[in-house]
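Worksheet: one structure, shown below.
In my numbering, the protein residues as written are 1 to 340.
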């Protein structure tokens with residue numbers, strides 16, 4: 001169908017069009033072939049360039065034929081000039097008609113053909129230039145890793161503890177609050193993108209499923225960030241007292257967004273799973289050090305807290321300012337606990 005439409009076009013429109021399209025595609029394909037070291041693409045580019053060269057040769061031959069037309073004489077016109085005219089009056093009319101007849105090499109026709117060719121080349125040349133320059137001004141992200149997004153699948157039924165808790169946040173809401181575009185920059189690794197993002201609607205351990213504890217986790221190449229909200233009756237002040245009996249290190253109390261908070265460090269757990277013939281797992285060991293910021297769920301510290309924990313497999317930790325900046329992003333999206 002396309003070939004039929006092209007044959008309907010005038011010669012001086014069709015040929016410049018084929019030349020423009022063939023040259024743009026040929027040069028572009030050759031450029032990609034050299035960049036990607038692709039022999040198949042190189043062969044295809046050569047085909048387009050050879051096709052374009054043939055069309056250019058045809059146009060050059062046509063232009064030469066128009067500039068040097070073969071001399072033709074009209075036998076009828078010569079006979080009219082030589083033969084005697086019986087009437088003198090019609091002769092000037094015949095000469096006038098003959099004089100007004102356009103000659104084959106009239107400059108107006110030559111200008112018209114050149115105008116068609118220049119117009120076609122200009123239009124499709126501009127189109128080819130736009131296609132050529134578009135990737136520079138509109139960079140493609142096809143090969144760049146896309147940041148992980150929070151799962152938006154089917155919503156499972158929340159545990160009963162969430163229905164008994166006034167205005168609890170869900171794991172999916174925590175994930176969306178945590179997985180912000182500037183999270184990597186807050187961690188000090190702005191060039192990284194999130195590899196995984198997940199959430200759960202769990203309940204706190206050792207509570208018989210009566211305390212809601214949603215969680216969300218975002219993983220980067222360097223750091224992993226976990227956020228959880230525990231809706232129990234434990235205040236931050238009581239939580240700090242419990243830390244004195246635990247293994248938490250570098251405990252530091254502070255205030256975040258008008259809420260009491262505490263910074264602490266503790267080791268994560270390391271679990272080894274043997275996938276051999278026995279399929280047994282190894283003993284639970286001590287994992288890398290993690291830094292946690294615990295903030296009360298309301299300004300009055302009526303109970304419940306939000307934990308923001310960061311760790312890395314290498315054991316390196318970001319500055320405490322990173323945890324504070326993350327808390328300032330996440331906490332406003334967690335409703336404060338109402339007065340009971």
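Using N, Cα and C, we set each Cβ at its ideal position, and we do this for glycine too.
| request: Return the first residue and the last residue of the beta strand (DSSP E) that residue 198 is part of. | output: 196-203
- Query: Which value, in whole angstroms, describes the spacing of the CA atoms of residue 293 and residue 303?
  - Reply: 16 Å
On the CB-based measure, 16 or more other CB atoms within 10 Å of its CB, does residue 251 come out buried or exposed?
exposed
Which value, in whole angstroms, describes the spacing of the CA atoms of residue 332 and residue 194? 22 Å
- Message: Can you tell me which residues form a DSSP beta bridge with residue 217?
- Response: 198 and 226
- Message: Taking its Cβ as the centre, do 16 or more other Cβ atoms sit within 10 Å of residue 107, making it buried, or is it exposed?
- Response: Residue placement at residue 107 is poorly supported in this model, since its pLDDT is 49, which falls under 50; the coordinates are not used for a value here.
Taking only the alpha-carbon atoms, compute the straight-line gap between residue 94 and residue 58 and give it to the nearest angstrom.
Its pLDDT being 43, under 50, residue 94 is placed unreliably by the model, and the measurement read from it follows with that caveat. Roughly 39 Å between the two C-alpha positions.
> residue 267 by DSSP, collapsed to three states: which one?
Replying inline: strand
Roughly how many angstroms lie between the CA atoms of residue 197 and residue 310, to the nearest whole one? 14 Å
> Rounded to the nearest angstrom, how far is the Cβ of residue 235 from that of residue 296, given a contact under 8 Å?
Replying inline: 7 Å
* Asked: Shortest alpha-carbon distance to residue 179 belongs to which of 192, 168 and 167?
  -> 192
For residue 328, which residues of its own chain have a beta-carbon under 7 Å away from its beta-carbon, when the five flanking residues on both sides are left out?
257
Just to confirm before moving on: does the CB-CB distance between residue 168 and residue 216 stay below 8 Å?
no
key: Same chain, Cβ closer than 6 Å to residue 219, five either side skipped, listed in chain order   = 195 and 196
- prompt: What's the C-alpha gap between residue 266 and residue 338?
  reply: 31 Å
*Does DSSP put residue 58 in a helix, in a strand, or in coil?*
helix
Report the option in 222, 46 and 253 whose CA atom is closest to the CA atom of residue 183. 222
* Asked: Could you check where the beta strand (DSSP E) with residue 211 kicks off and where it finishes?
  -> Run containing residue 211: none; DSSP gives neither H nor E here.
>> Using a Cβ-Cβ cutoff of less than 8 Å, which residues in the same chain neighbour residue 312 once the five nearest sequence positions on both sides are dropped?
In response: 222, 223, 224 and 288
task: Classify residue 326 as helix, strand or coil using the three-state DSSP reduction.
output: helix
Q.
Let's see if you can read the secondary structure: which residues bound the alpha helix (DSSP H) around residue 163?
A. 160-164
Would you mind stating whether residue 231 and residue 201 have Cβ atoms separated by less than 8 Å? no
- Query: Taking Cβ to Cβ, would you say residue 42 is nearer than 8 Å to residue 30?
  - Reply: yes
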